[in-house]
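J.: Sharing a structure, written as structure tokens. Questions coming.
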Amino acid sequence: MNNKLDCRILIVDDEEDILTAGRIFLKQHFTFVRTEPNPNKIPYHLQNDNYDVIMLDMNYTAGATNSKEGFTWLSRILEIDPAAVVILITAYGDVELAVRALKEGATDFVLKPWQNEKLLATLTAACRLRKSTQEVKTLVDKQRHLNQALNAHYSDFIGVSAPMQKVYQTIEKVGSTDANVLILGENGTGKELAARALHRKSRRADEAFVSVDLGAVSETLFESELFGHAKGAFTDAKDDRAGRFEVASGGTLFLDEIGNLSLALQSKLLTALQSRQITRLGTNKPKNIDIRLVCATNMPLYEMVPQGRFRQDLLYRINTVELHLPPLRERKEDIPLLAEHFLNLYSRKYQKGNLGLDKATLKKLAEYHWPGNIRELDHAIERAVILSDQSTLLPADFNFMQPTPAQPALMEDYTLEMLERMMVQKILSKHAGNITHAARELGITRTALYRRIEKYGL
Numbered sequence: 001m002n003n004k005l006d007c008r009i010l011i012v013d014d015e016e017d018i019l020t021a022g023r024i025f026l027k028q029h030f031t032f033v034r035t036e037p038n039p040n041k042i043p044y045h046l047q048n049d050n051y052d053v054i055m056l057d058m059n060y061t062a063g064a065t066n067s068k069e070g071f072t073w074l075s076r077i078l079e080i081d082p083a084a085v086v087i088l089i090t091a092y093g094d095v096e097l098a099v100r101a102l103k104e105g106a107t108d109f110v111l112k113p114w115q116n117e118k119l120l121a122t123l124t125a126a127c128r129l130r131k132s133t134q135e136v137k138t139l140v141d142k143q144r145h146l147n148q149a150l151n152a153h154y155s156d157f158i159g160v161s162a163p164m165q166k167v168y169q170t171i172e173k174v175g176s177t178d179a180n181v182l183i184l185g186e187n188g189t190g191k192e193l194a195a196r197a198l199h200r201k202s203r204r205a206d207e208a209f210v211s212v213d214l215g216a217v218s219e220t221l222f223e224s225e226l227f228g229h230a231k232g233a234f235t236d237a238k239d240d241r242a243g244r245f246e247v248a249s250g251g252t253l254f255l256d257e258i259g260n261l262s263l264a265l266q267s268k269l270l271t272a273l274q275s276r277q278i279t280r281l282g283t284n285k286p287k288n289i290d291i292r293l294v295c296a297t298n299m300p301l302y303e304m305v306p307q308g309r310f311r312q313d314l315l316y317r318i319n320t321v322e323l324h325l326p327p328l329r330e331r332k333e334d335i336p337l338l339a340e341h342f343l344n345l346y347s348r349k350y351q352k353g354n355l356g357l358d359k360a361t362l363k364k365l366a367e368y369h370w371p372g373n374i375r376e377l378d379h380a381i382e383r384a385v386i387l388s389d390q391s392t393l394l395p396a397d398f399n400f401m402q403p404t405p406a407q408p409a410l411m412e413d414y415t416l417e418m419l420e421r422m423m424v425q426k427i428l429s430k431h432a433g434n435i436t437h438a439a440r441e442l443g444i445t446r447t448a449l450y451r452r453i454e455k456y457g458l
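Printed below as a string of structure tokens:
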């Protein structure tokens with residue numbers, strides 16, 4: 001039959017009539033049914049095949065009614081496969097024992113002689129339970145592997161310079177606490193890297209790390225994205241959805257580009273942080289949240305407070321501890337280490353063999369001022385690896401825009417906003433206004449780039 005449920009069933013019972021009746025009936029509805037009169041062969045079957053459901057008789061010795069054998073085999077099955085779905089086969093007088101077995105790990109029971117319709121319903125539900133359990137396990141495994149991959153990618157916090165030693169020391173001291181941390185640094189200095197390092201050092205390390213780029217969240221979607229929504233809360237709300245706060249509960253919530261929030265959204269965020277509760281859009285039921293908050297920005301929040309652009313109470317709330325990440329130009333001794341790291345990474349990715357960097361190339365990398373910091377170095381190495389046909393990367397493989405005498409690398413006379421405007425304008429010109437390419441080189445999202453274009457009137 002084409003409408004058979006994809007489910008593999010093992011029936012274990014010492015009564016041949018039960019096995020025959022079960023096999024004939026169930027083969028009409030399920031893809032595979034095996035019968036076994038000898039319970040001693042259960043381990044063999046479980047070790048050599050995969051079963052979605054095991055139907056297990058409670059008694060095998062003639063005259064036995066205490067179900068001791070059934071409990072023994074139930075325990076053995078669950079030792080072999082803790083997620084096994086076991087349906088007990090029991091007589092009317094064994095119902096109390098069957099209920100006890102449910103408490104010890106069985107999924108359900110059927111009475112014999114059974115009614116075919118009830119047996120079919122019980123086994124169908126059991127098969128679906130097994131499939132659901134396996135799907136959940138698969139998702140959990142995928143998430144674990146994803147987290148491992150992410151942590152592996154973000155574990156390379158590389159640097160031996162004095163400024164980086166201070167960063168490491170702060171992370172060591174603060175990581176194990178639940179203190180809110182504000183990470184300050186220019187674009188591309190590794191703020192998410194630092195946030196993940198804090199998470200790995202915390203007691204929440206086995207829980208979720210949830211990252212939100214606030215620069216890419218529009219005003220209209222802010223509450224839905226962070227607090228979640230109920231089905232029907234707005235036109236496109238087809239289903240209930242948990243927000244980032246709920247997803248991160250128990251773990252760490254990383255809010256990047258917090259300086260980009262409008263005052264109205266700052267107020268909503270502050271309310272959630274103060275109450276440690278959120279309410280999904282479309283409901284009036286608050287939910288408790290338990291998060292460790294880490295925020296990051298490249299904007300001068302302390303200057304923005306007297307300008308009325310950032311709430312002072314929110315600033316106090318998010319910066320129990322501040323972590324300052326140095327720009328790459330202030331940690332030049334780390335450039336060779338970072339360059340070698342990215343070179344190895346992209347040599348493997350693009351199957352270029354063992355590429356090297358000669359002394360002249362390292363000198364050129366060290367002398368450049370890196371306005372885009374580590375992200376720019378990352379992209380520069382990747383681009384050079386892709387385009388180079390040599391076994392050693394040469395200075396000619398790197399084309400940098402050198403500062404002019406009138407525009408020194410440090411630019412002490414410029415504000416951060418002036419520098420940002422100049423950088424955005426320069427990269428846009430370089431890519432002839434192509435937003436996608438410009439955003440990629442700047443290391444920000446297209447949405448964040450559009451915000452800056454609007455902000456600076458470019």
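Note that full-length UniProt numbering gives residue 122 to position 122 of the sequence shown, counting from 1, and the numbers run on in steps of one.
We treat Cβ as the ideally placed atom computed from N, Cα and C, and that holds for glycine.
#1: Going by other Cβ atoms of all chains shown within 10 Å of its Cβ, with 16 needed for buried, is Arg196 buried or exposed?
#2: Applying the criterion that 16 or more other CB atoms from any shown protein chain within 10 Å of the CB defines a buried residue, is Thr189 buried or exposed?
#3: What is the residue span of the beta strand (DSSP E) that Pro286 lies within?
#4: Tell me whether the segment 371 to 378 and the segment 435 to 449 touch, counting them as touching only if at least three CB pairs, one residue from each stretch, are closer than 8 Å.
#5: With distance defined between alpha-carbon atoms, name the residue in Val86, Cys127 and Lys287 nearest to Asp108.
#6: Per DSSP, what kind of secondary structure is Phe32 in: helix, strand or coil?
#7: So, under 8 Å CB-CB, Ala448 and Glu257 are touching, yes? Tell me the CB distance rounded to an integer number of Å.
#8: Can you check which of these residues, Glu225, Leu78, Ala21 and Ala208, is closest to residue 460 by C-alpha distance?
#9: Pick from Leu74, His431 and Lys287: whose alpha carbon is nearest that of Pro39?
#10: Tell me whether the beta-carbon of Arg8 lies closer than 8 Å to the beta-carbon of Phe25.
#11: With respect to the alpha helix (DSSP H) encompassing Asp17, which residues constitute its N-terminal and C-terminal limits?
#12: Helix, strand or coil: how does DSSP classify Arg8 here?
#13: Please state whether DSSP places Gln277 in a helix, a strand or coil.
#14: With a threshold of 8 Å, are at least 3 pairs of Cβ atoms found where one atom belongs to the segment 242 to 258 and the other to the segment 209 to 228?
#15: Looking at the structure shown, is residue 492 part of a helix, part of a strand, or coil, going by DSSP?
#16: With a threshold of 8 Å on Cβ separation, who are the neighbours of Pro327 within its own chain once the five nearest residues in sequence on each side are excluded?
#17: Using CA atoms only, rank isn't needed, just tell me which of Gly308, Tyr346, Leu253 and Thr279 is closest to Ser388.
#18: What did DSSP end up calling Met164 once you bin it into helix, strand or coil?
#19: Taking only the alpha-carbon atoms, compute the straight-line gap between Leu273 and Asn298 and give it to the nearest angstrom.
#20: What would DSSP say about Gly105, mapped onto helix, strand or coil?
#21: So Leu355 and Leu343 are in contact, right, with Cβ under 8 Å, and what is the actual spacing, rounded?
#22: Is it the case that the segment 14 to 24 contacts the segment 125 to 136, given that we only count it when at least three CB pairs across the two stretches are under 8 Å?
#23: Sorted by chain position, which residues of the same chain lie with C-beta nearer than 7 Å to Leu129's C-beta, five sequence neighbours on each side aside?
#24: Starting from the Cα of Lys201, find the closest Cα among Leu111, Lys352 and Arg292 and give me that residue.
#25: Note the first and the last residue of the continuous beta strand (DSSP E) segment covering Asp57.
#26: Thr90 and Met58: beta carbons closer than 8 Å?
#27: Please name the residue in Arg34, Thr124 and His229 whose C-alpha comes closest to that of Ile278.
#28: With DSSP as the reference, please indicate the residues paired to Phe209 in a beta bridge.
#29: Taking 8 Å as the cut-off, decide whether the C-beta atoms of Glu357 and Ile335 are in contact.
#30: From Val424 to Arg309, what distance separates their C-alpha atoms?
#31: My output table needs one value for Val99: the three-state DSSP class, helix, strand or coil.
#32: Any beta-carbon of chain B closer than 8 Å to the one on Val167?
#33: From the DSSP secondary-structure annotation, give me the bridge partner or partners of Val357.
#34: Under three-state DSSP, which class holds Glu322?
#35: Using three-state DSSP, classify Val217 as helix, strand or coil.
#36: Which class does Ile183 belong to by DSSP, given the choice of helix, strand or coil?
T.: Let me spell this out:
#1: Here residue 196 refers to the residue found at position 196 of the sequence shown. Buried.
#2: As a position in the sequence shown, residue 189 is number 189, starting the count at 1. The residue in question, Thr189, is buried, as its Cβ has 16 or more Cβ neighbours within 10 Å.
#3: Here residue 286 refers to the residue found at position 286 when the sequence shown is read from its first residue. Looking at the DSSP string, the run of the beta strand (DSSP E) that includes Pro286 is Pro286 to Asn288.
#4: Counting Cβ pairs under 8 Å, three or more are found: they touch.
#5: Translated into positions along the sequence shown, residue 108 becomes position 108. Nearest C-alpha to Asp108: Val86.
#6: Locating residue 32 in the sequence shown gives position 32, where the first residue counts as 1. Three-state DSSP puts Phe32 in a strand.
#7: Counting from one through the sequence shown, the residue named residue 448 turns up at place 448. Counting from one through the sequence shown, the residue named residue 257 turns up at place 257. The pair is a contact, with the Cβ atoms about 7 Å apart (cut-off 8 Å).
#8: Nothing about residue 460 can be reported from this structure: the residues present for the chain run from 1 to 458 only.
#9: In the sequence shown, the residue the question calls residue 39 occupies position 39. Among Leu74, His431 and Lys287, the Cα nearest to that of Pro39 is on Leu74.
#10: In the sequence shown, residue 8 corresponds to position 8, counting from 1. In the sequence shown, residue 25 corresponds to position 25, counting from 1. Not closer than 8 Å, so no.
#11: Locating residue 17 in the sequence shown gives position 17, where the first residue counts as 1. Here the alpha helix (DSSP H) through Asp17 covers Glu16 to Leu26.
#12: As a working mapping, residue 8 is identified with position 8 in the sequence shown. Strand, per DSSP.
#13: Locating residue 277 in the sequence shown gives position 277, where the first residue counts as 1. Three-state DSSP puts Gln277 in a strand.
#14: yes
#15: What the structure shows of the chain is the stretch from 1 to 458, and residue 492 is not part of that stretch, so it cannot be assessed.
#16: Along the sequence shown, one-based indexing puts residue 327 at 327. Cβ within range, chain order: Gly185, Glu186, Thr189, Trp370 and Asn373.
#17: To locate residue 388, count along the sequence shown from 1; it is residue 388. It is Tyr346 whose Cα lies nearest to the Cα of Ser388.
#18: For the purposes of this step, residue 164 is taken as residue 164 along the sequence shown, with counting starting at 1. Residue state, collapsed to three classes: helix.
#19: One-based indexing of the sequence shown puts residue 273 at position 273. One-based indexing of the sequence shown puts residue 298 at position 298. Cα to Cα, the separation comes out at about 22 Å.
#20: Locating residue 105 in the sequence shown gives position 105, where the first residue counts as 1. Residue state, collapsed to three classes: coil.
#21: Within the sequence shown, numbered from 1, the residue matching residue 355 stands at position 355. Within the sequence shown, numbered from 1, the residue matching residue 343 stands at position 343. Indeed, because the Cβ distance is near 6 Å, the residues count as touching under 8 Å.
#22: no
#23: On the sequence shown, residue 129 is found 129 positions in, with the first residue counted as 1. For Leu129, where only same-chain residues beyond five positions count, the Cβ hits under 7 Å are Val85 and Thr107.
#24: Here the question's residue 201 lines up with position 201 in the sequence shown. That would be Arg292, whose Cα lies nearest to the Cα of Lys201.
#25: As a first step, residue 57 is located in the sequence shown; it is residue number 57 there, counting from the start. Run containing Asp57: Val53 to Asp57, per the beta strand (DSSP E) assignment.
#26: Residue numbering aside, residue 90 sits at position 90 when the sequence shown is read from its first letter. Residue numbering aside, residue 58 sits at position 58 when the sequence shown is read from its first letter. Taking 8 Å as the Cβ cut-off, Thr90 and Met58 qualify as a contacting pair.
#27: Here residue 278 is taken as the residue at index 278 of the sequence shown, counted from 1. Ranking Arg34, Thr124 and His229 by Cα distance to Ile278 puts His229 first.
#28: The residue labelled residue 209 in the question sits at position 209 within the sequence shown. Bridge partners of Phe209: Thr252.
#29: Residue numbering aside, residue 357 sits at position 357 when the sequence shown is read from its first letter. Residue numbering aside, residue 335 sits at position 335 when the sequence shown is read from its first letter. Here residue 357 is Leu; the residue named in the question, Glu, does not match the sequence. No, they are not a contact pair.
#30: Numbered from 1 along the sequence shown, position 424 holds the residue referred to as residue 424. Numbered from 1 along the sequence shown, position 309 holds the residue referred to as residue 309. Rounded to the nearest angstrom, the two C-alpha atoms are 21 Å apart.
#31: The residue labelled residue 99 in the question sits at position 99 within the sequence shown. In the structure shown, Val99 sits in a helix (DSSP, three-state: H, G or I).
#32: In the structure shown, chain B cannot be found, because there is only a single protein chain.
#33: Stepping through the sequence shown from its first residue, residue 357 is reached at position 357. Checking the displayed sequence, the identity of residue 357 turns out to be Leu instead of Val. According to DSSP, which records beta bridges pairwise, Leu357 is partnered with Leu393.
#34: Translated into the one-based positions of the sequence shown, residue 322 becomes position 322. Note: Glu322 maps to strand in three-state DSSP.
#35: For this step, residue 217 is matched to residue 217 along the sequence shown. Of the three classes helix, strand and coil, the one that applies to Val217 here is coil, per DSSP.
#36: For the purposes of this step, residue 183 is identified with residue 183 of the sequence shown, where counting begins at 1. In this structure, Ile183 counts as strand in the three-state DSSP scheme.
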